[in-house]
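Everything on this sheet refers to the single structure shown next.
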Amino acid sequence: MAMNAGWFTIDGERVVQAFEEVLGKLDSAKGEMFLDFSSVDRIDSNALGAMEKLAGTSHDKAVKVVLHGVNVDVYKVLKLAKLAPRFSFLS
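Going letter by letter, the sequence shown gives residues 24 to 114 in the working numbering.
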């Protein structure tokens, strides 16, 4: 099975908008989608909501979402929100 992976950089200043753009690309994604979080220092409740929507939609479309460069503080928030298990992480 061929897998085409997409790579997207998440802008730390526009996290919610970036997730909306990624959601729009899920229809054409096959296999895996990599999101570069290296410029994201923190996430708020709006971003968590967008991430929850992304996790659900990617699951429905059988697309594995891999988060790259997630800092410890952001990871802790994802873990507290019970979103961490819904994503894969790459350092």
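Even for Gly, the Cβ is constructed at its ideal location relative to N, Cα and C. These numbers come from a predicted model, not from an experiment.
Asked: Residue from Phe110, Tyr98 and Thr32 with nearest C-alpha to isoleucine 66; Found: Tyr98
Asked: Enclosing beta strand (DSSP E) for leucine 58 [first to last residue]; Found: 55-59
Asked: Proximal residues to leucine 77 (C-beta, below 7 Å), its chain only, five neighbours per side dropped; Found: Phe42, Val45, Leu46 and Val88
Asked: Option nearest lysine 53 by Cα separation, candidates Ala104, Val39, Arg37 and Gly29; Found: Gly29
Asked: Same chain only: Cβ atoms within 7 Å of leucine 101, ignoring 5 sequence neighbours per side; Found: Ala107
Asked: Residue range of the unbroken alpha helix (DSSP H) whose run includes valine 86; Found: Element bounds for valine 86: n/a, residue is neither H nor E.
Asked: Lysine 49 vs lysine 105 beta-carbon contact at 7 Å; Found: In the sequence as presented, lysine is not what sits at residue 49; that position holds leucine. Cβ distance not < 7 Å, so leucine 49 and lysine 105 don't count as in contact.
Asked: Length of the line joining the Cα atoms of serine 68 and isoleucine 33; Found: 16 Å
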